[in-house]
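Residue numbers (the working numbering): 1036 to 1564.
C-beta: ideal position from N, C-alpha, C; glycine also.
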């Protein structure tokens, strides 16, 4: 069970999750289409990580930092708009003239500047000069600032940086960019309805958060300690491994530089810590698969790679099941190939007595179990379809026979497919023992009798193999149902509706693959009856 409450530190009746959810509601009051940014900013602050917001002016980027400050009791904030002419004095405080003159000490007056603030917002971050960048590196990563001969421990909970552009290449900004674990695009309001709600909003004053909800230093450090104890289970590690493999493959692409997908070991370590924080704030004592979705906000380096990351992360979540589906499809393909190994190649005249398949309307075989309904395959075309390579074919609905028709396309084909008045679907056909393979799915032809006169021993063995694959398919369906249920019923407060749409789209793809596997198993059984 997750750790639900800490009654000695805040509201007696609230769980950690309820506490965090309440804070997010206050943070997003009067702000539209920014809940996912606010929630991720809170998560990053609790995890002790920094956030980068990419977006045009006027998209509430600075508002994120201002609202985040409100959740911490007695917190100080520091905001600054960077320019090429910004100096360290403007960020870290001016040098104390009196101490330099009277004590011969080089020391900055940090009160009211970055070293004194819990929440820091730096706009146009990439315009900072090298001296500011170097100081920020240790401030972000180690939470310390070298002030003359003294080393100050910074109270900073989160640094939020913003810009309408990413760091320029070959300007030494890579190390600073790597420090920002959470990276989110902040866009203008997309919904017209929401836009006019914003326009009609009478007041945009800061919400007043009840004192009982404010995060104190004691509570913050208590949460930090608890987050480190969150369990990292093997199934989550398997998903991360799939993500890492996919990213390594993308790094080989000629369209991108390897650095476009580079993720340091430090960032991977921080990714796990962020997921641990998500688990804790969701009242769990271990990370679960829903936390892995948060990685879509952590793994992109260029705007051009965002779409690929949005594809990689959901795909990795279903990858374990997808691999098992592919393995079983391959096993069925091999089984069908073995059954078809001794089939004659080329044109072989078949007399009515030799033909083991039932013939319909004098010229057609009936395709058993076709998913669209009753379907016929041209008997004359069968000799023109190969067992070892695919042949082009078409599918259309024949109104005259009130059924679907499949024809192979070859030179001298008696069927002129251009004359069909229905919609044509292009197919890939391949011959197999007992039927035809249509777009990788095997279909049996209806037979004259239950078993052919030959190969019954091989058929029995093949039927047993198919039953084993069927059992594995049932196991896959069970595991998939659990994964599907996990996301359908998820109340992870950091997974946005858009994030959920991504994984639901991926789950639909996997569900379709399972359906195709079931059809393939059923039809393979028909082939070896």
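As assigned by DSSP and simplified to three states, the class of residue i
i            : result
residue 1094 : coil
residue 1293 : helix
residue 1112 : strand
residue 1178 : coil
residue 1052 : helix
residue 1485 : Note on residue 1485: pLDDT 49, under 50, position unreliable in the model; no value is reported.
residue 1102 : helix
residue 1490 : Residue placement at residue 1490 is flagged as unreliable, the pLDDT there being 49, under the threshold of 50; the coordinate-derived value follows with that caveat. It is coil, neither helix nor strand.
residue 1426 : strand
residue 1143 : strand
residue 1548 : helix
residue 1538 : helix
residue 1203 : coil
residue 1415 : helix
residue 1559 : helix
residue 1527 : coil
residue 1454 : With a pLDDT of only 46 at residue 1454, under 50, the local geometry of the prediction cannot be trusted, and the value read off the model is given with reservation. Three-state result, residue 1454: helix.
residue 1223 : coil
residue 1208 : coil
residue 1509 : helix
residue 977  : Residue 977 falls outside the range modelled here, since the chain spans only 1036 to 1564, and no answer is possible.
residue 1161 : helix
residue 1554 : helix
residue 1123 : helix
residue 1590 : The requested residue 1590 is not part of the displayed model; the chain covers only 1036 to 1564.
residue 1241 : coil
residue 1061 : helix
residue 1066 : coil
residue 1521 : helix
residue 1445 : coil
residue 1334 : coil
Residue i - containing beta strand (DSSP E), residue span
i            : result
residue 1198 : 1193 to 1198
residue 1565 : Since the displayed the chain opens at 1036 and closes at 1564, residue 1565 lies outside it and no answer follows.
residue 1463 : 1460 to 1467
residue 1473 : 1470 to 1473
residue 1088 : 1086 to 1089
Enclosing alpha helix (DSSP H) for residue i [first to last residue]
i            : result
residue 1158 : Taken as a continuous stretch (DSSP letters only), residue 1158 belongs to no alpha helix (DSSP H), being part of the beta strand (DSSP E) at 1154 to 1158.
residue 1309 : 1300 to 1316
residue 1327 : 1324 to 1327
residue 1117 : Neither: residue 1117 is in no alpha helix (DSSP H) and is coded neither H nor E.
residue 1074 : 1070 to 1082
residue 1356 : 1338 to 1374
residue 1214 : First-last for residue 1214: undefined, no H or E at that position.
residue 1271 : 1269 to 1286
residue 1234 : 1227 to 1235
Opposing strand residues paired with residue i [DSSP bridges]
i            : result
residue 1402 : 1480
residue 1439 : 1410, 1432
residue 1392 : 1482
residue 1107 : 1250
residue 1321 : 1266
residue 1130 : 1143
Whole-angstrom C-beta distance between residue j and residue i, which should lie under 8 angstroms
i            : j            : result
residue 1250 : residue 1344 : Not quite, the Cβ-Cβ distance comes to about 31 angstroms (not below 8 angstroms), so this is no contact.
residue 1142 : residue 1182 : 6 angstroms
residue 1524 : residue 1326 : Not confirmed; about 15 angstroms, so no contact.
residue 1413 : residue 1399 : 6 angstroms
residue 1459 : residue 1474 : Rounded, the Cβ-Cβ distance is 14 angstroms, inconsistent with contact.
residue 1032 : residue 1508 : Here the chain has residues from 1036 to 1564 only, and residue 1032 is not among them.
residue 983  : residue 1371 : Past the edges of the chain, shown from 1036 to 1564, lies residue 983, and the structure says nothing about it.
residue 1073 : residue 1101 : Rounded, the Cβ-Cβ distance is 11 angstroms, inconsistent with contact.
residue 1116 : residue 1158 : 5 angstroms
residue 1313 : residue 1078 : 6 angstroms
residue 1285 : residue 1291 : 7 angstroms
residue 1481 : residue 1401 : 4 angstroms
> Do the region 1511 to 1526 and the region 1297 to 1316 make contact, defined as three or more Cβ pairs closer than 8 angstroms?
Replying inline: no
> On the three-pair Cβ rule with 8 angstroms, is the region 1319 to 1332 touching the region 1236 to 1243?
Replying inline: no
> Would you call the region 1537 to 1546 and the region 1330 to 1349 touching, i.e. three or more CB-CB distances under 8 angstroms?
Replying inline: yes
> Should the region 1275 to 1282 be called in touch with the region 1047 to 1054, which here means at least 3 C-beta pairs below 8 angstroms?
Replying inline: no
> Any contact of the region 1183 to 1201 with the region 1224 to 1234, i.e. 3+ C-beta pairs under 8 angstroms?
Replying inline: no
>> Taking contact to mean 3 or more Cβ pairs, one atom from each stretch, closer than 8 angstroms, check whether the region 1415 to 1423 and the region 1435 to 1445 are in contact.
In response: yes
>> With three or more beta-carbon pairs closer than 8 angstroms as the criterion, would you say the region 1109 to 1116 touches the region 1145 to 1162?
In response: yes
> So does the region 1062 to 1079 actually touch the region 1223 to 1231, counting three or more Cβ pairs closer than 8 angstroms?
Replying inline: yes
>> For the pair the region 1256 to 1276 and the region 1118 to 1132, tell me if three or more CB-CB distances fall below 8 angstroms.
In response: The region 1256 to 1276 and the region 1118 to 1132 do not touch, with fewer than 3 CB-CB distances between them shorter than 8 angstroms.
> Is there contact here, the region 1209 to 1219 with the region 1083 to 1100, by at least three beta-carbon pairs under 8 angstroms?
Replying inline: yes
> If we count Cβ pairs, one from each stretch, closer than 8 angstroms, do we get three or more for the region 1547 to 1557 versus the region 1352 to 1367?
Replying inline: yes
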